[in-house]
Every structure is written in structure tokens, then in C-alpha cells.
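Peer 1: Residue numbers (my numbering): 156 to 806.
Glycine residues also receive a C-beta, built at the ideal position from the N, C-alpha and C atoms.
The structure displayed is predicted, hence computed values, not measured ones.
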Ligand code: AMP
């Protein structure tokens, strides 16, 4: 689970209510300046500081700003909740007093997870699975890369998972559902109104049902008329469970929608779905902590989810995705995101492997009549040119890139292209251009998924003003994930460079060009080239040039050069130097300088990648972890499963 940035603070209580906060402060003695921090139930990612002064409680909400800083209304921005509390411990700056004494959480009082904390992991996983049609490790990698951007998107649809959500039903049907079974005060449901994007609350009190419209203002906040405003519907509901905010009663018991297949089980706080799935929290623990009732609900819903999942797998391509969500084999291709959020990798014509079915994996050749070749050239390389095309299958039509071998090319080049195809055919990762097949017709053609925005270096050099450092860090993190995958599978790329990182969109990078790549034998950790070829020397590690030895560690060196190109917005490495000059420049211990505007941590990582001896150079496991930690830190998130030393320089 993505950890809350305040999770390490001993005075952070998580998702507790105002009255619970006051109870903790009372128990701790009500001294002046006694304070605690809790999750804000109103704004996403926000907090509340609860403070005692003069035997009275004061609650200050801390908003998370769009630029990911935190501030108390009217106060200075701070980069995290810890920094904010530290600041107010020295300077009251408008508060009734400084934060003098933290009200510490007792060890038997764990941080209370909010409703969304328990759902987030599962929803992220399902979203990435559905939109990218990924499974296993590839899915985990996509989740790691997308979590910061997707969390907000997902939070806004989290209500669909709640037992009280009944989607679009008329008011009368809402009443019928509330009247069926027991009719306690506070029984409630939420339903969609006719007008899209708006909701209504139906509530039982004194055996009568009351209907309230949930307002949705221009800034996207939800509220009861004249009530407190919330970023999401589920936060509003959580709040109304504690405060009536103008209703006849607080919300008490959800009227459970038994038709809601999206529903996610509610698990005891501190037990995330991921923990259960990963076996860190056994079902017996759940049994002890959850009541028997919860356990039965969990099992039934898990079973429903499993059945639902297998049904979906069986009709993978018949499944209708939610509007705007491209899904495996579907013809629907979305090229622009909803206007209210930045473009994400899945907002693109990402090609989902039509060979997803394991029985199809053996297929390698594509029939000529399945291909339509456009005259548009996407680029050219050693073999010939790469053309735009369309690949037709019974599952739909998809844009593809077709590497066309020049017909006059001799056998040697043809063999090389066959080898490239064989390598690519074995790779399946979101951050590696997927090969769809070979076609032998008027000439040999390698059909690949399309990365229409083209090479990273070109894109960066022509879009300097549009691309932030965070964007570059995100893209390079994706490249590191693709390379980590290659390292795991024992492949060496041998031509990693910004020109060979292709963009599907501004947020989504894929490694391409496996023309020089090699699969290493199970017991080998390097490939030895017999003779030097037409090599990209400026990207090569010393051992490649001196001893013709290529390994994942030499790919790490190239990754460092690729990072340099990216942070220089497509600059040319080693400026005017020629290959042999670069060799002596490196051997003398010199390295390229830090590109202007490049964060220190990123330059430190580049230099680690340029460690002279390959034995001392980090591998991609470390490089990826380092990229992830940095990427998450600037996106204000804590990365999942980071080892203790990842936050430190590599050496
Ligand atoms: P290559 O021979 O692999 O270096 O490809 C030459 C050029 O063709 C690249 O620099 C890209 O501009 C373009 N290209 C190659 N593969 C693709 C692809 N899968 N999608 C879009 N453009 C591509």
C-alpha cells in the first residue's frame, strides 16, 4: 500500500474523527500546546492538526495543494506534513500557540486506515489490469509506475465499490430498497441522478425516506446544500456518518446493493488486500480480528470477484470497457485524456498483445492480408524504413509500426532482422516495444506496436517548454523498469540510448531497437563480441570498448548516458568528441557534467551508472529502486517495498 507521508510521525493517528482526536488529547492531559495530526476526511491527501490551548480544542485543516505542498489556510506552504509540524513547533504563525508537545500514539493504537486506504491497492491493481490487460510482474511494474498519477483518479470513483452505492436507480426504486428488510434510522443509499455526474442520498428516519441532492460545484467538490465540501463522494458519506450536516440524522447503516459486482470487501483497519494476497496477513489473522460476519462477507465477495474475473477472462475481448477505457483487443483507441487531469500512459493507442491467449503464443508469422501498409514513414534505420500500418485480426484493427527490410538487402541483414524478431518475441513488458509478428511477403517485415510520439531525444529537444523535470524522471523510471525486466530475463540490449526510447505519449516510454541485443546463456553474465562492429561508442561502458564484453552492467552505463540525454532535453553526449577521445576522457576519470536543472540525486545516479569497474557498478534492480524512490519523493508519495538503503546514494 502506498504509505501516507505522515505514517512515520509518532503523533499521526490516521483516519480518526474530531471527537476521537479530542478524546486522545484529553487522555494525554490537555496541556497547552499538546497536539496530534490526523487524516482530513474532507480533502484528498489533507490533514488536520488538533491542538490544545487554554483547556480548549483547536482544529486546523492542512490542505494538499495542486503543486503537492501542504499548508494551513493563510499559512506558508511546506513540502510535507512533517516539515509543516516542525515549522509550527517553532512559530505559531496564526495558530493559537506553537505545537509544543506531541500527543504520542500508544503502541497498541495503530494508525487507523481510512476507507480509501483499504481500497486503494485493489482498485489500482484492477484499473491497471483492465486498461492494460496485464497480469503478474508486468502488472506490478505498471502499478508502481502509475500509482502517483492514478490515485486521485481512482479516489474519485471509489464510491462505486461501496456497499451503499446503487448506481442509476429511480427515486421510487431507492425507496423500495430502503423499505425492504429492517428499517432502522440512518439506513441509507447513494444513487446516480438523471443528470450525469450528480448523486442523490436516500435516507430512512422514523420509517420515512428522505431524499437529498448531493451538490457538485464547479471546482468538482461534493456537499450537502450549504454543507462542508469534499473531494469525493465517499469522503462526504464518511463525514455524514459522523455529522448530520443538515440531514435528519447521521448516516448509520448502508442499504447494501446486492447487484453491485464492483463492491470490494471492507476489511479491518490495517489489513490491506495486498497484505492478504501476499500472505503477510493470513486469513487466520483476519478471522481473529474480524467478526465472523465480516469473514463471511469477505469470502462471498472474494468468490464473486473471482467468478467475475474469470468470466471476464473468458470473454476478454467481448468485454465492454467503461467509456474511454481502452481494453485488450478492443478497437476503441483513446488519444486524449479527460480535460481535468494530465495524460496517463493508458490514454493512448497502447497496443494490447493479440497473442494474450497462451495458445497463440506460438504464432510468430503474420499473413500479408492481415496488414495494411501506409505510405507514411515513421523513421528509418539500418535495415530500411519503418512505416505506419494497420494490423487486422478478428479482435479488431490496430495501428502498428512496420519495419520494412529493403528488398535489395542481402542475407546477412535479413538474418539480423530475424534475430531481432526472435529476441523481441520473447519479451513482454509494458516498457518494451512489443513485437506482434513477422511477415514475409514482397519483403521481410517486422510488425510492432506503435509508439507514435517517436524517439525521446527528438521529443524533448522540440518540446522543452512542455516537459517538466518530474515528467522526465517518470519516463526514465519506466525505462529503468523495462531494463530491470531485461536484466531479470538475462537479455542485454547493447544499444540503449534516448533515440531508442520511443514515446507512446508524453507520459509513457518504451524501449525499442533490439537489433544488437543478445540473450545470455543461463550461466553467462556477459556476451563477448568477436569483432567490433558499428558501435555506439559514446553509450558504451569501458569493458565493451576494451574487451568487447557486454552485460546488464554495461547496459547500466548506457542507461546513465540516456539519463544524461534526457535531462539535457535531447542534448548530444560528449559534444564534439570523437569515439576514441571519449575512451581516453573516461579512462582519465572524467565524466560528463550535470545537465542544467537536473536534480542532484539524478546526477549522482548517472555517475553511479558510470562507475568504471563493472563489478562495482549497480545493477538495474538498484537503479530502478533509486529512480522509483526519487520519482515518488517528488510526486509526494512513498514508494512501496523500498529497501532501507535505497534512499541513500548507491555507493
Ligand atoms: P530503428 O530501426 O528501430 O532504429 O527505427 C528507426 C525509426 O523508426 C525510429 O527512430 C522511430 O522513429 C521509428 N520507429 C521504430 N519503431 C517504431 C515504433 N514501434 N513505433 C513508432 N515509430 C517507430
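(1) Hey, out of 695, 703, 670, whose CA is closest to residue 684's CA?
(2) To the nearest angstrom, how far is the alpha carbon of residue 176 from that of residue 395?
(3) Starting from residue 364, follow the beta strand (DSSP E) in both directions and report where the run begins and ends.
(4) Which residue spans inside the region 694-735 form an unbroken alpha helix (DSSP H) run of at least 4?
(5) At which residues does the beta strand (DSSP E) containing residue 375 begin and terminate?
(6) Are the region 721-734 and the region 748-755 in contact at 8 Å, needing three or more beta carbon pairs?
(7) Can we say the region 322-342 touches the region 295-309, given the rule of at least three CB pairs closer than 8 Å?
(8) To the nearest angstrom, how far is the alpha carbon of residue 541 from that of residue 605?
(9) What ranges does the alpha helix (DSSP H) occupy inside the region 270-302, keeping only unbroken runs of at least 4 residues that lie completely in it?
(10) Would you decide whether residue 708 is buried or exposed? Buried here means 16 or more other CB atoms lie within 10 Å of its CB.
(11) Between the beta-carbon of residue 602 and the beta-carbon of residue 558, is there less than 9 Å?
(12) So for residue 250, helix, strand or coil by DSSP?
(13) Output the residues surrounding the ligand AMP, defined as those with a CB atom closer than 7 Å to any ligand heavy atom, in chain order.
(14) Is it right to say residue 412 is buried, meaning 16 or more other beta carbons lie within 10 angstroms of its own, or is it exposed?
(15) In this structure, does DSSP put residue 511 in helix, strand or coil?
(16) Classify residue 567 as helix, strand or coil using the three-state DSSP reduction.
(17) In the DSSP assignment, find the unbroken beta strand (DSSP E) run with residue 660 in it and report its ends.
(18) If distances are taken between C-alpha atoms only, which option among 789, 740, 788 comes closest to residue 765?
(19) For residue 609, list the residues DSSP reports as bridge partners.
(20) Between the beta-carbon of residue 223 and the beta-carbon of residue 790, is there less than 9 Å?
(21) In the structure shown, what three-state DSSP assignment does residue 556 receive?
(22) Within 8 Å: the Cβ of residue 727 and any heavy atom of the ligand HEM?
(23) Alpha carbon to alpha carbon, how far is residue 257 from residue 384? Give it in angstroms, no decimals.
(24) Is residue 535 helix, strand or coil when you go by DSSP?
(25) With distance defined between alpha-carbon atoms, name the residue in 356, 310, 306 nearest to residue 326.
(26) Under 6 Å Cβ to Cβ from residue 323, same chain only, skipping five residues before and after it: list those, please.
(27) Taking only three categories from DSSP, how would you classify residue 316?
(28) Below 7 Å CB to CB, which residues in the same chain sit around residue 186 once its five sequence neighbours on both sides are set aside?
(29) Would you decide whether residue 772 is buried or exposed? Buried here means 16 or more other CB atoms lie within 10 Å of its CB.
(30) By Cβ distance, which residues of its chain are closer than 8 Å to residue 244, with the 5 residues on each side in sequence left out?
(31) According to the Cβ coordinates, are residue 634 and residue 686 closer than 9 Å?
(32) Could you check the C-alpha separation between residue 269 and residue 172 for me, to the nearest Å?
(33) In the DSSP assignment, find the alpha helix (DSSP H) that holds residue 333 and state where it starts and stops.
(34) Express the C-alpha separation of residue 345 and residue 318 in angstroms, rounding to a whole number.
(35) Could you give the DSSP three-state label for residue 632: helix, strand or coil?
Peer 2: In this structure, then:
(1) Stepping through the chain shown from its first residue, residue 684 is reached at position 529. Out of 695, 703, 670, the CA that lies nearest to the CA of residue 684 is found in 703.
(2) In the chain shown, counting from the first residue as 1, residue 176 sits at position 21. In the chain shown, counting from the first residue as 1, residue 395 sits at position 240. Residue 395 has its alpha-carbon roughly 17 Å from the corresponding atom of residue 176.
(3) As a working note, residue 364 is residue 209 in the chain shown. Note, residue 364: beta strand (DSSP E), 363-371.
(4) Listed in chain order, the complete alpha helix (DSSP H) runs (minimum 4 residues) inside the region 694-735 are 697-702, 707-722.
(5) What you label residue 375 is simply residue 220 of the chain shown in a count that begins at 1. No beta strand (DSSP E) holds residue 375; DSSP gives it neither H nor E.
(6) Yes: at least three Cβ pairs fall under 8 Å.
(7) With a cut-off of 8 Å, the region 295-309 and the region 322-342 do not count as touching, because too few Cβ pairs lie within range.
(8) Residue mapping note: residue 541 aligns to position 386 of the chain shown, counting from 1. Residue mapping note: residue 605 aligns to position 450 of the chain shown, counting from 1. Going by the C-alpha atoms only, they are around 10 Å apart.
(9) Taking only runs of at least 4 residues, the alpha helix (DSSP H) segments lying wholly in the region 270-302 are 270-287.
(10) The residue labelled residue 708 in the question sits at position 553 within the chain shown. With 16 or more other Cβ atoms within 10 Å, it is buried.
(11) Translated into the one-based positions of the chain shown, residue 602 becomes position 447. Translated into the one-based positions of the chain shown, residue 558 becomes position 403. Contact: yes.
(12) Numbered from 1 along the chain shown, position 95 holds the residue referred to as residue 250. Residue 250 carries a coil assignment under DSSP once its states are collapsed to helix, strand and coil.
(13) Checking every Cβ against the heavy atoms of the ligand AMP under 7 Å gives 533, 534, 535, 536, 537, 538, 541, 556, 558, 588, 603, 604, 605, 606, 607, 609, 610, 654, 655, 657, 667, 668, 670.
(14) Translated into positions along the chain shown, residue 412 becomes position 257. Label assigned to residue 412: buried.
(15) For the purposes of this step, residue 511 is identified with residue 356 of the chain shown, where counting begins at 1. For residue 511, the pLDDT reaches just 49, beneath the cut-off of 50, and the residue's location in the model is therefore unreliable, although a value from the coordinates is still provided. Here residue 511 carries a helix assignment [DSSP, helix/strand/coil].
(16) For the purposes of this step, residue 567 is taken as the residue at position 412 of the chain shown. In the three-state reduction of the DSSP assignment, residue 567 falls in the helix class, which pools H, G and I.
(17) Counting from one through the chain shown, the residue named residue 660 turns up at place 505. For residue 660, the enclosing beta strand (DSSP E) covers residues 656-660.
(18) Within the chain shown, numbered from 1, the residue matching residue 765 stands at position 610. Ranked by Cα distance from residue 765, the first of 789, 740, 788 is 740.
(19) Your numbering for residue 609 matches position 454 in the chain shown. Within the DSSP bridge table, the entry for residue 609 names 658 as partners.
(20) As a working mapping, residue 223 is identified with position 68 in the chain shown. As a working mapping, residue 790 is identified with position 635 in the chain shown. Yes, the pair counts as a contact, with Cβ atoms nearer than the cut-off.
(21) Locating residue 556 in the chain shown gives position 401, counting from the first residue. Here residue 556 carries a strand assignment [DSSP, helix/strand/coil].
(22) Only the ligand AMP can be found as ligands here, which leaves the ligand HEM out of the picture.
(23) Sequence index remark: in the chain shown, residue 384 carries index 229 (1-based). Sequence index remark: in the chain shown, residue 257 carries index 102 (1-based). Distance between the alpha carbons of residue 384 and residue 257: 29 Å.
(24) By one-based count along the chain shown, residue 535 stands at place 380. Of the three classes helix, strand and coil, the one that applies to residue 535 here is strand, per DSSP.
(25) Position 171 of the chain shown, counted from the first residue, corresponds to residue 326. Minimum Cα distance to residue 326 is reached at 356.
(26) The count along the chain shown starts at 1 and reaches residue 323 at position 168. Excluding its 5 nearest sequence neighbours in each direction, residue 323 has C-beta neighbours in its own chain below 6 Å: 347, listed in chain order.
(27) The sequence position of residue 316 within the chain shown is 161, counting from 1. Looking at residue 316 - three-state DSSP - the assignment turns out to be helix.
(28) Counting from one through the chain shown, the residue named residue 186 turns up at place 31. Leaving aside the five residues that flank residue 186 on each side, the residues in its chain whose CB is nearer than 7 Å to its CB run, in chain order, 207, 256.
(29) As a working note, residue 772 is residue 617 in the chain shown. Flag for residue 772 reads buried.
(30) For the purposes of this step, residue 244 is taken as residue 89 along the chain shown, with counting starting at 1. These residues qualify, in order along the chain: 253, 254, 255.
(31) Counting from one through the chain shown, the residue named residue 634 turns up at place 479. Counting from one through the chain shown, the residue named residue 686 turns up at place 531. By the CB criterion at 9 Å, residue 634 and residue 686 fall outside the cutoff.
(32) Counted from its first residue, the chain shown places residue 269 at position 114. Counted from its first residue, the chain shown places residue 172 at position 17. Roughly 11 Å between the two C-alpha positions.
(33) By one-based count along the chain shown, residue 333 stands at place 178. In the DSSP assignment, residue 333 falls within the unbroken alpha helix (DSSP H) covering 326-334.
(34) Position 163 of the chain shown, counted from the start, is the residue given in the question as residue 318. Position 190 of the chain shown, counted from the start, is the residue given in the question as residue 345. Looking at the backbone, the Cα of residue 318 and that of residue 345 are separated by about 10 Å.
(35) Here residue 632 refers to the residue found at position 477 when the chain shown is read from its first residue. In the displayed model, residue 632 falls within a helix according to three-state DSSP.
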